[in-house]
Amino acid sequence: MIQHLLNHLLGGPNFYPMTRDAMSTGLNRALEKYRDSFLHKDKTMIAMTESIDGREHYRMYINGQWKDASSGKTIDVASPTTEEVLYSVPAGAIEDAQLALETAEAAQPGWAAKPAVERGAILSKFADLIRENRERLAKILTQEMGKTYALALGEVDVSADFINFPAQAARRIEGDILPSDLPGEHIMIHKIPYGVTVGIAAWNFPLALACRKIGPALTTGNVMVVKPPSVTPVAVLALGELAKQAGIPDGVLNLVTGGGSTMGEELVTNPITRLVTMTGSSATGQEIFKKAAERLIAVRLELGGKAPFILLEDGDVDKAVDAAVVSRHLNSGQVCTCPERFYIHDAVYDQFLEKYTAAVAKLKIGDPMVEGTDIGPKVNAHETDQLEKIVNQAVEAGAEVALGGKRPDGKQFEKGHWYEPTILTNCNNNMEVMREEVFGVVSPIMKVGCYEEALKLANDSDYGLAAFLFTRDMRLIQRAVLELEFGEIYVNRPMGEQRQGFHNGYKLSGTGGEDGRYGLENYLEKKTMYVNFAD
201 MIQHLLNHLL GGPNFYPMTR DAMSTGLNRA LEKYRDSFLH KDKTMIAMTE
251 SIDGREHYRM YINGQWKDAS SGKTIDVASP TTEEVLYSVP AGAIEDAQLA
301 LETAEAAQPG WAAKPAVERG AILSKFADLI RENRERLAKI LTQEMGKTYA
351 LALGEVDVSA DFINFPAQAA RRIEGDILPS DLPGEHIMIH KIPYGVTVGI
401 AAWNFPLALA CRKIGPALTT GNVMVVKPPS VTPVAVLALG ELAKQAGIPD
451 GVLNLVTGGG STMGEELVTN PITRLVTMTG SSATGQEIFK KAAERLIAVR
501 LELGGKAPFI LLEDGDVDKA VDAAVVSRHL NSGQVCTCPE RFYIHDAVYD
551 QFLEKYTAAV AKLKIGDPMV EGTDIGPKVN AHETDQLEKI VNQAVEAGAE
601 VALGGKRPDG KQFEKGHWYE PTILTNCNNN MEVMREEVFG VVSPIMKVGC
651 YEEALKLAND SDYGLAAFLF TRDMRLIQRA VLELEFGEIY VNRPMGEQRQ
701 GFHNGYKLSG TGGEDGRYGL ENYLEKKTMY VNFAD
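Those letters in the sequence shown? Residues 201 to 735, per the working numbering, in order.
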């Protein structure tokens with residue numbers, strides 16, 4: 201290969217004889233040309249990563265090649281545990297977004313032309329490779345996001361599932377044939393890919409949320425440009441080499457990094473984009489929805505939540521306590537489906553509060569890489585400041601601190617972004633801590649006297665993503681199915697959706713939904729054909 205390359209650069213195999221000096225000069229010029237141009241065309245010649253100033257620099261993955269930002273600028277990625285900068289990624293901008301979209305557009309027809317079962321087989325191999333790199337990806341997730349290593353391992357497993365589940369459904373993409381009102385005619389409903397799609401993932405589960413979009417998008421014949429969040433982008437960029445190994449054709453999956461106002465806005469507003477799927481805050485989702493509306497492109501949004509946790513008089517208190525401890529404190533409370541406000545029946549309130557406080561007090565906060573740690577740091581200083589602010593406001597408004605309520609003391613917490621598990625009592629539904637997403641280990645608790653009161657308080661919210669209900673009364677459970685204004689309801693169990701379900705929100709919690717066969721449908725357009733075969 202090298203000889204062929206030099207022949208090409210120097211004018212062919214029969215270039216004229218040179219003196220030794222001239223040959224040396226020509227060879228040096230050829231090598232300079234090779235370095236300056238060919239390196240940027242052959243992805244094998246530019247590495248995914250490079251050590252720069254003591255940090256590991258990851259590059260964007262565009263058209264099967266590793267790319268730095270066109271500007272050369274980078275974004276630092278610091279550990280929430282130590283505040284040490286461990287990684288950097290490209291600060292991609294408009295030009296880089298355009299390149300990724302154009303690349304995807306060129307690759308889409310060929311990818312869509314593959315039989316669905318062939319696409320599914322490639323994606324299944326991709327899922328297998330994610331599992332094979334489980335420990336490496338989990339370590340990156342813990343380093344960049346601060347989640348416990350045990351949870352990070354689980355996120356990698358879920359990420360592989362998010363790829364594999366739709367891949368296995370490739371043969372089950374079905375259309376319809378309907379009877380026509382005319383003789384000698386069929387009405388055929390075909391389901392076809394949108395084309396170029398954009399996936400924007402949130403920072404709390406960056407790998408899983410990216411894969412949740414990649415799996416169904418690529419299975420259905422779409423191509424995708426994925427933008428992970430700037431605060432936790434590294435594990436997602438690491439998917440590029442696995443996609444290549446799996447045989448995903450160049451351009452079908454592109455991974456880019458950059459700011460929301462530059463890279464993100466271009467991805468949403470560029471005329472090449474036909475569908476945007478985003479997981480993140482409600483405010484950001486609303487902005488994306490507005491911009492996408494200008495071109496009437498499809499939008500799927502999974503946004504913020506303010507999940508109510510309802511324990512009624514006949515509910516199993518111990519089961520409720522166990523579910524609340526896990527659901528509220530998983531990932532340091534940084535989960536959109538976490539219970540964010542507690543409505544406890546006054547008949548079991550004291551019992552629940554005593555057991556819940558005792559259980560939460562036993563949770564271990566510390567280094568997320570250490571086995572046995574329950575709660576790691578918040579993702580960054582801003583998130584920690586916001587958590588502290590909303591707790592202080594609640595206390596000023598009359599809430600009482602039953603546990604925590606501050607940043608932890610001790611030498612090990614001098615660096616990093618930490619906050620103690622906190623329980624607030626004497627709350628009311630007008631407090632900001634009961635109305636706005638907290639996204640942290642804070643449990644504001646209220647007493648209620650009956651199901652109807654709990655229902656009214658729970659529905660009195662701008663959000664409608666998830667809800668929890670603990671009762672043995674099947675009549676109330678059946679009522680709750682109809683009366684709770686939330687897209688996902690957990691009855692007598694902790695949170696945790698499954699791949700075959702449907703994860704969607706109401707109100708400011710989003711539109712569209714993900715997972716299962718209904719989520720797969722969100723990546724397909726319908727085309728109606730009236731086929732007349734009469735003489």
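Beta carbons: idealized from backbone N, C-alpha and C, even for Gly.
query	result
Residues of its chain near Tyr718, where Cβ-Cβ distance is below 6 Å and the 5 sequence neighbours each way are ignored	Phe702
Continuous beta strand (DSSP E) stretch holding Asp376: start and end	Asp376 to Pro379
8 Å Cβ cutoff met for Ala435 and Leu353	no
Simplified DSSP state of Trp618, which is helix, strand or coil	coil
Rounded Cβ spacing between Leu503 and Gly712 (contact assumed at less than 8 Å)	Not quite, the Cβ-Cβ distance comes to about 10 Å (not below 8 Å), so this is no contact.
Candidates Ala438, Gln534, Val285 and Ile363, of which the one nearest Gly576 by Cα	Gln534
Start-to-end residues for the beta strand (DSSP E) that takes in Leu631	The identity of residue 631 in the sequence shown is Met, whereas the question assumes Leu. Where Met631 is concerned, there is no enclosing beta strand (DSSP E), given that its DSSP letter is neither H nor E.
Extent of the continuous alpha helix (DSSP H) to which Gln445 belongs	Leu439 to Ala446
Buried/exposed call for Asp735, threshold 16 Cβ in 10 Å	exposed
Supposed close pair Gly399, Thr477 - CB separation, criterion 8 Å	5 Å
Where Asn732 sits in the DSSP three-state scheme	strand
Backbone CA spacing between Asn722 and Gly292 [nearest angstrom]	28 Å
Where Gln265 falls, given that 16 or more other Cβ within 10 Å makes a residue buried	buried
Nearest-angstrom beta carbon gap, Ile645 and Ile544 [assumed within contact, 8 Å]	6 Å
Arg319, buried or exposed, once every other Cβ within 10 Å from all chains shown has been counted against 16	buried
Residue closest to Lys506, alpha-carbon to alpha-carbon, out of Asp609, Ala667 and Thr473	Ala667
DSSP state of Arg255 mapped onto helix, strand, coil	strand
Complete runs of the alpha helix (DSSP H) confined to the stretch 516-580 [at least 4 residues]	517-529 and 549-561
Where Arg672 sits in the DSSP three-state scheme	coil
Within the stretch 319-394, ranges of the beta strand (DSSP E) (whole runs, at least 3 residues)	376-379 and 385-393
Completely contained alpha helix (DSSP H) runs for the stretch 636-660, where each covers 4 or more residues	651-659
Beta-bridge partners of Trp311, as assigned by DSSP	Beta-bridge pairing links Trp311 to no other residue.
Selected residue, minimal CA-CA separation from Arg679, among Tyr706, Gly687 and Tyr651	Tyr651
DSSP bridge partner residues for Asn722 (one or two, in chain order)	According to DSSP, which records beta bridges pairwise, Asn722 is partnered with nothing at all.
Euclidean distance between Cα positions of Pro433 and Val525	29 Å
Ile377, buried or exposed, once every other Cβ within 10 Å from all chains shown has been counted against 16	exposed
Ala594 vs Leu624 beta-carbon contact at 8 Å	yes
Short Cβ contact (8 Å threshold) for Ala297 with Gly451	no
Given 8 Å, three or more beta-carbon pairs between the stretch 457-472 and the stretch 667-677	no
For Ile497, three-class secondary structure by DSSP	coil
Candidates Asp253, Tyr258 and Gly254, of which the one nearest Ile246 by Cα	Tyr258
For Lys490, the three-state DSSP class (helix, strand or coil)	helix
Limits of the beta strand (DSSP E) - the one that Pro508 falls within	Ala507 to Leu511
Within the stretch 261-298, ranges of the beta strand (DSSP E) (whole runs, at least 3 residues)	265-267, 274-278 and 285-290
Outcome for Ala313 when other beta-carbon atoms lying within 10 angstroms are tallied against a minimum of 16	exposed
Distance, Met729 Cα to Ser532 Cα	51 Å
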